[in-house]
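**Q** Residue numbering for the sequence shown follows our numbering, starting at 7 and increasing by one per position. Each residue gets a CB set at the ideal place from its N, CA and C atoms; glycine is no exception. Only a predicted model underlies this, so the values are computations on that prediction, with no experimental measurement involved.
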Amino acid sequence: MTVIALTPDRFADFIRLIHALAEYEKLDPPSDDAIDRLYADAFGPTPRFTAFLAVTDADEAIGYAICLETYSSFLAKPTMYLEDLFVLEEYRRSGAGGSLFDRVVELGRERGCGRVDWQVLDWNMLARDFYARRGATSMSEWMLYRITL
Numbered sequence: 007m008t009v010i011a012l013t014p015d016r017f018a019d020f021i022r023l024i025h026a027l028a029e030y031e032k033l034d035p036p037s038d039d040a041i042d043r044l045y046a047d048a049f050g051p052t053p054r055f056t057a058f059l060a061v062t063d064a065d066e067a068i069g070y071a072i073c074l075e076t077y078s079s080f081l082a083k084p085t086m087y088l089e090d091l092f093v094l095e096e097y098r099r100s101g102a103g104g105s106l107f108d109r110v111v112e113l114g115r116e117r118g119c120g121r122v123d124w125q126v127l128d129w130n131m132l133a134r135d136f137y138a139r140r141g142a143t144s145m146s147e148w149m150l151y152r153i154t155l
């Protein structure tokens with residue numbers, strides 16, 4: 007298993023994995039318009055996010071991670087934000103998730119980030135345990151708020 011950067015020729019694999027995550031989280035998958043925006047935002051002149059794929063030795067995409075930078079005024083450094091980390095169920099505990107996570111952390115270090123942040127659904131104990139094993143702590147004093155535009 008290796009981790010590779012998302013490329014245009016692997017975009018269909020990326021979308022297939024996003025659909026699998028939507029099914030896992032019982033959410034609607036991205037619409038055709040959203041898929042077009044994902045492509046433009048990944049490969050346009052100013053990419054809005056970075057994505058990686060975990061691929062098997064047989065070149066099958068089995069997981070992905072999306073990350074992007076935010077900024078901390080108190081650290082005066084960027085923060086690497088992990089938007090999604092997902093591995094197909096049959097490949098969990100294969101090391102793919104850890105390799106994807108490690109690559110996002112490595113990218114944060116390469117870019118001079120002061121930290122890596124992400125969110126986990128409260129019911130997803132598999133993910134919560136995965137991050138706890140890596141030394142992550144829950145930021146219970148911060149509450150997520152959202153306005154949908």
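Would you call Phe49 buried or exposed, if buried means 16 or more other Cβ atoms sit within 10 Å of its Cβ?
**A** Here residue 49 refers to the residue found at position 43 of the sequence shown. When all chains shown are included, Phe49 counts as exposed.
**Q** In or out: Ile153 buried (at least 16 other Cβ within 10 Å) or exposed?
**A** Start at 1 with the first residue of the sequence shown, and residue 153 comes out as number 147. Counting Cβ neighbours within 10 Å, Ile153 comes out exposed, since fewer than 16 surround it.
**Q** Among Tyr45, Asp39, Phe107, which residue has its Cα nearest to the Cα of Pro14?
**A** Counting from one through the sequence shown, the residue named residue 14 turns up at place 8. Measuring from the Cα of Pro14, the nearest candidate turns out to be Tyr45.
**Q** Return helix, strand or coil for Val9, following the three-state DSSP convention.
**A** Within the sequence shown, the letter at position 3 stands for residue 9. DSSP places Val9 in strand when its eight states are reduced to three.
**Q** On the DSSP letters alone, give me the boundaries of the alpha helix (DSSP H) that Tyr70 sits inside.
**A** The residue labelled residue 70 in the question sits at position 64 within the sequence shown. From DSSP, Tyr70 is part of no alpha helix (DSSP H) but of the beta strand (DSSP E) over 67 to 78.
**Q** Look at the alpha carbon of Ala138 and the alpha carbon of Tyr77, and state the distance between them as a whole number of angstroms.
**A** Numbered from its first residue, the sequence shown carries residue 138 at position 132. Numbered from its first residue, the sequence shown carries residue 77 at position 71. Rounded to whole angstroms, Ala138 to Tyr77 spans 24 angstroms at the Cα level.
**Q** In chain order, what residues of the same chain lie with their CB nearer than 7 angstroms to the CB of Phe136, ignoring the 5 residues before and after it?
**A** Against the sequence shown, residue 136 aligns to sequence position 130. Excluding residues within five positions, the ones whose Cβ falls inside 7 angstroms are Gly103.
**Q** Alpha carbons only, please: which of Leu132, Glu96, Asp128 is nearest the one belonging to Met149?
**A** Walking along the sequence shown from the start, residue 149 turns up at place 143. Comparing Cα-Cα distances from Met149 to each of Leu132, Glu96, Asp128, the minimum goes to Asp128.
**Q** Using a Cβ distance threshold of 8 angstroms, determine whether the region 57 to 73 contacts the region 94 to 102, with at least three qualifying pairs required.
**A** Yes, the region 57 to 73 touches the region 94 to 102.
**Q** Which runs of the alpha helix (DSSP H), 4 residues or longer, sit entirely within the region 98 to 154?
**A** You should have 102 to 116, 131 to 139.
**Q** Please name the residue in Met131, Glu147, Cys73 whose C-alpha comes closest to that of Arg121.
**A** One-based indexing of the sequence shown puts residue 121 at position 115. Of Met131, Glu147, Cys73, the residue nearest in Cα terms is Cys73.
**Q** Quick one: Cα of Leu91 to Cα of Thr52, how far?
**A** As a first step, residue 91 must be located in the sequence shown, where it is residue number 85. As a first step, residue 52 must be located in the sequence shown, where it is residue number 46. Distance between the alpha carbons of Leu91 and Thr52: 22 angstroms.
**Q** Could you spell out where the beta strand (DSSP E) holding Glu89 opens and where it closes?
**A** Within the sequence shown, numbered from 1, the residue matching residue 89 stands at position 83. Its beta strand (DSSP E) spans residues 83 to 93.
**Q** Could you have a look at Leu59 and say whether DSSP puts it in helix, strand or coil?
**A** Here residue 59 corresponds to residue number 53 of the sequence shown, with the count starting at 1. Three-state result, Leu59: strand.
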